[in-house]
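Colleague: Protein sequences appear in the order of chains A and B. Just so you know, the working numbering puts 60 at position 60 of the first sequence, and the rest follows in order with no gaps. Just so you know, the working numbering puts 120 at position 33 of the second sequence, and the rest follows in order with no gaps. Note that the Cβ used here is the ideal one computed from N, Cα and C, for glycine as well. Remember, it's a predicted structure, so these values are computed and weren't measured experimentally.
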Amino acid sequence: MADLIFNAALLLASAALILAFLRFLIGPTLADRTVAMDGMTIIALSIIAWVGATAGRVIFLDVALVYGLISFVGVIALARYLEGGLS
Amino acid sequence: MMLLGSILTLLGAVFLFLGALGMLRMPDVYNRMQAGTKATTLGTLLFLAGIALRQGSGACTVRLGVLVVFVLLTNPISSHALARAAHFAGIQLATRSVQDDLAGEEIS
Chain A
1 MADLIFNAAL LLASAALILA FLRFLIGPTL ADRTVAMDGM TIIALSIIAW VGATAGRVIF
61 LDVALVYGLI SFVGVIALAR YLEGGLS
Chain B
88 MMLLGSILTL LGAVFLFLGA LGMLRMPDVY NRMQAGTKAT TLGTLLFLAG IALRQGSGAC
148 TVRLGVLVVF VLLTNPISSH ALARAAHFAG IQLATRSVQD DLAGEEIS
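1. State the DSSP-derived secondary structure class of B/Glu192, mapped to helix, strand or coil.
2. If we count Cβ pairs, one from each stretch, closer than 8 angstroms, do we get three or more for the segment 108-122 of chain B versus the segment 176-190 of chain B?
3. Give me the Cβ distance between B/Leu97 and A/Ala49, rounded to the nearest whole Å; I'm assuming they're in contact under 8 angstroms.
4. What residue does the alpha helix (DSSP H) around B/Leu95 start on, and which one ends it?
5. State the DSSP-derived secondary structure class of A/Met40, mapped to helix, strand or coil.
6. Hey, B/Ala173 and A/Ala36 are a contact pair by Cβ (cut 8 angstroms); roughly how many whole angstroms apart?
7. Could you tell me whether the segment 147-159 of chain B touches the segment 8-22 of chain A, where touching means 3 or more Cβ pairs closer than 8 angstroms?
8. Using a Cβ-Cβ cut-off of 8 angstroms (strictly less than) and excluding sequence neighbours within five positions of B/Met103, which residues of its own chain qualify?
9. What residues of chain A sit near B/Ala173, judged by a beta carbon separation below 7 angstroms?
10. Report yes if the CB atom of B/Met110 is closer than 8 angstroms to the CB atom of B/Ala170, and no otherwise.
11. Quick check on DSSP: helix, strand or coil for B/Arg171?
12. If you drop the 5 nearest sequence neighbours on each side, which residues of the same chain put their C-beta closer than 7 angstroms to that of B/Leu151?
13. List the residues of chain A whose Cβ lies closer than 8 angstroms to the Cβ of B/Thr96, in chain order.
14. Report the residues of the segment 155-167 of chain B with a CB closer than 8 angstroms to any CB of chain A, ordered along the chain.
15. Indicate whether A/Leu65 and B/Cys147 have their beta-carbon atoms separated by less than 8 angstroms.
16. Using C-beta distances below 6 angstroms, list every residue in its chain close to A/Ile47, excluding the 5 sequence neighbours before and after it, in chain order.
17. Can you tell me whether A/Ala79 is buried or exposed? The criterion is at least 16 other CB atoms within 10 Å of its CB, across all chains shown.
Laid out in structure tokens, this is it:
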């Protein structure tokens with residue numbers, strides 16, 4: 001029962017990833033795409049943690065941490081670009 | 088403990104799904120950002136807390152705690168920077184919006 005609920009959580013998170021990717025495809029401006037990319041990264045971070053817990057490997061959590069860090073820096077850089085660069 | 092952690096994980100996944108749905112359905116950038124960031128932050132928090140409850144104690148729990156604090160700190164900051172940049176880049180609000188407090192301000 002517990003494992004069934006845990007697997008359903010992965011299914012729902014994957015559906016969320018697909019919805020965010022649709023917004024990434026159709027988003028009319030760069031800001032829309034950046035928002036969608038940010039959301040996709042956060043959802044993928046959760047999925048990486050799920051896989052790490054299921055596989056019993058702690059190293060996956062380090063991967064998730066570095067992935068989140070790179071996403072944060074990337075979004076900040078894109079925001080500076082939208083504002084018109086470092087001036 | 089296994090069942091409680093699984094239910095918490097499923098609740099977090101529901102929040103992730105609702106956040107992504109809001110990202111797809113909302114009318115303009117700022118609404119999408121609001122739905123996407125707030126619901127996704129809470130969803131990730133619940134998701135990771137559920138996994139930590141399932142795993143019990145150990146090195147896994149410490150790393151999940153660090154991950155939760157990290158997401159809680161950085162996600163609002165990046166969303167705030169992006170919303171400010173989108174406004175100064177000249178992206179219009181939806182026509183149904185009623186108030187724009189930043190209208191007419193310059194980049195400082």
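Modeller: On the basis of the coordinates in this document:
1. Position 105 of the second sequence holds residue 192 of chain B. Coil.
2. By the Cβ rule, the segment 108-122 of chain B counts as touching the segment 176-190 of chain B, because three or more pairs are nearer than 8 angstroms.
3. For this step, residue 97 of chain B is matched to residue 10 along the second sequence. For this step, residue 49 of chain A is matched to residue 49 along the first sequence. Not a contact, Cβ separation roughly 14 angstroms.
4. Mapped onto the second sequence, residue 95 of chain B falls at position 8. Residues Met89 to Arg112.
5. As a first step, residue 40 of chain A must be located in the first sequence, where it is residue number 40. It is helical.
6. The count along the second sequence starts at 1 and reaches residue 173 of chain B at position 86. The count along the first sequence starts at 1 and reaches residue 36 of chain A at position 36. Rounded, the Cβ-Cβ distance is 13 angstroms, inconsistent with contact.
7. no
8. Residue numbering aside, residue 103 of chain B sits at position 16 when the second sequence is read from its first letter. Reading the sequence as shown, one finds Leu at residue 103 of chain B and not Met. Within the same chain, B/Leu103 has close Cβ partners Ala126, Thr127, Gly130, Thr131 and Phe134.
9. As a working mapping, residue 173 of chain B is identified with position 86 in the second sequence. Residues of chain A passing the Cβ test: Ala31 and Leu82.
10. One-based indexing of the second sequence puts residue 110 of chain B at position 23. One-based indexing of the second sequence puts residue 170 of chain B at position 83. Against a cut-off of 8 angstroms, the Cβ pair of B/Ala170 and B/Met110 comes out as no contact.
11. For the purposes of this step, residue 171 of chain B is taken as the residue at position 84 of the second sequence. DSSP places B/Arg171 in helix when its eight states are reduced to three.
12. Mapped onto the second sequence, residue 151 of chain B falls at position 64. Only Leu135, Ile138 and Ala139 meet the Cβ criterion.
13. Along the second sequence, one-based indexing puts residue 96 of chain B at 9. At a C-beta separation below 8 angstroms, B/Thr96 has these neighbours in chain A: Ile5, Phe6, Ala9 and Trp50.
14. Result list: Phe157, Val158, Thr161, Asn162, Ile164, Ser165 and Ser166.
15. Counted from its first residue, the first sequence places residue 65 of chain A at position 65. Counted from its first residue, the second sequence places residue 147 of chain B at position 60. No.
16. One-based indexing of the first sequence puts residue 47 of chain A at position 47. Only Ala13 meet the Cβ criterion.
17. Residue 79 of chain A sits at position 79 when you count from the first residue of the first sequence. Classification of A/Ala79: buried, given that the 10 Å Cβ count is 16 or more.
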